Amino acid sequence: MVISYRQAQKEDVDEICRLSDDVIRRYEDFSRINREKALGWTHLSIAENIDAFSVILADGHKAGYLFITPVNGVYEIRDLLVFPQWQNKGIGTAVINQCVKDTGGNVRVYVFTGDLQTYSLFESCGFHPVQVFHRTRYLMAYGEQNNVMAEDTFDE
Numbered sequence: 001m002v003i004s005y006r007q008a009q010k011e012d013v014d015e016i017c018r019l020s021d022d023v024i025r026r027y028e029d030f031s032r033i034n035r036e037k038a039l040g041w042t043h044l045s046i047a048e049n050i051d052a053f054s055v056i057l058a059d060g061h062k063a064g065y066l067f068i069t070p071v072n073g074v075y076e077i078r079d080l081l082v083f084p085q086w087q088n089k090g091i092g093t094a095v096i097n098q099c100v101k102d103t104g105g106n107v108r109v110y111v112f113t114g115d116l117q118t119y120s121l122f123e124s125c126g127f128h129p130v131q132v133f134h135r136t137r138y139l140m141a142y143g144e145q146n147n148v149m150a151e152d153t154f155d156e
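Here UniProt numbering is used: the first residue of the sequence shown is 1, the next is one more, and so on.
(1) Would you check if the distance between the CB atom of residue 157 and the CB atom of V107 is smaller than 8 Å?
(2) Give me the DSSP bridge partner(s) of P129.
(3) If L81 and G64 are in contact, beta carbons under 8 Å, what's the gap, nearest whole angstrom?
(4) Just confirm the distance between the C-beta atoms of R18 and V55, as a whole number of angstroms; I'd bet it's less than 8 Å.
(5) In the structure shown, what three-state DSSP assignment does T113 receive?
(6) How many Å lie between T136 and R26 at the Cα?
(7) Report the three-state DSSP secondary structure of I96 (helix, strand or coil).
(8) Between R32 and E48, what straight-line distance do the alpha-carbon atoms span, to the nearest angstrom?
(9) Measure the alpha-carbon distance for residue 159 versus D22 and round it to whole angstroms.
(10) Can you tell me whether E156 is buried or exposed? The criterion is at least 16 other CB atoms within 10 Å of its CB, across all chains shown.
(11) Let's see if you can read the secondary structure: which residues bound the alpha helix (DSSP H) around H43?
See below:
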C-alpha cells in the first residue's frame with residue numbers, strides 16, 4: 001500500500017472534527033472537564049490549524065488526517081485520525097514511522113490512558129510513556145533515550 005499526503009482544506013474541518021469528537025467522547029473524563037467546552041476548544045483549534053493538517057492517502061484514497069507540529073524543540077503528533085474502515089491495515093504504523101524518520105526521532109504524542117489500541121500502536125512503533133497528565137493522558141516519546149524520564153515524571 002502506498003501512503004501519500006496532501007494538504008487539508010477548509011472543507012475537511014467538519015470531518016476532522018467528527019473523527020476527533022469520536023475519540024474525545026470515548027476516552028475523555030467529563031467528570032473533570034466540561035464536555036461542550038472541550039469539544040468547542042477542539043473544533044476551534046482544528047479550524048485555526050487546518051493548513052497544518054495533512055490528508056493521509058492510501059493508494060490514492062482518503063484514509064485519515066495527520067497534524068504534526070514543532071512544540072518547544074520537539075515535534076508533537078497532535079492528531080492521527082484514521083477512518084475506521086482503514087484501520088488495522090498498517091496505515092497508522094506507516095504514518096508514525098514516517099513521522100519518526102522525518103523528525104529524527106524527536107517526536108512525542110499524547111494518548112488517552114483508556115485508548116489501549118492507540119497506546120499499543122505507538123508502543124509498537126518505539127514510543128514509551130514518560131508522563132501521565134490528569135490521569136487521562138499519557139505523554140509518549142519516541143526512543144529509548146526518553147525512558148530516563150519515565151520514573152521521575154509520572155504524576156499519579
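Just so you know, even glycine gets a beta-carbon here, dropped at the ideal spot from N, CA and C. Small disclaimer: the values here were computed from a predicted structure and weren't measured.
Answer, in terms of the structure:
(1) The question about residue 157 has no answer, for the chain in this structure spans 1 to 156.
(2) Bridge partners of P129: M140.
(3) Confirmed, about 5 Å.
(4) Wrong, their Cβ atoms sit about 15 Å apart, outside the cutoff.
(5) T113 falls in the coil class under three-state DSSP.
(6) Their Cα atoms are separated by approximately 12 Å.
(7) In this structure, I96 counts as helix in the three-state DSSP scheme.
(8) Their backbone Cα atoms lie some 25 Å apart in a straight line.
(9) No answer is possible for residue 159: it lies beyond the span of the chain, which begins at 1 and ends at 156.
(10) With a pLDDT of 39 at E156, under the threshold of 50, the modelled position of that residue is not reliable, and the figure given next carries that caveat. E156 should be labelled exposed.
(11) Element bounds for H43: 35 to 48.
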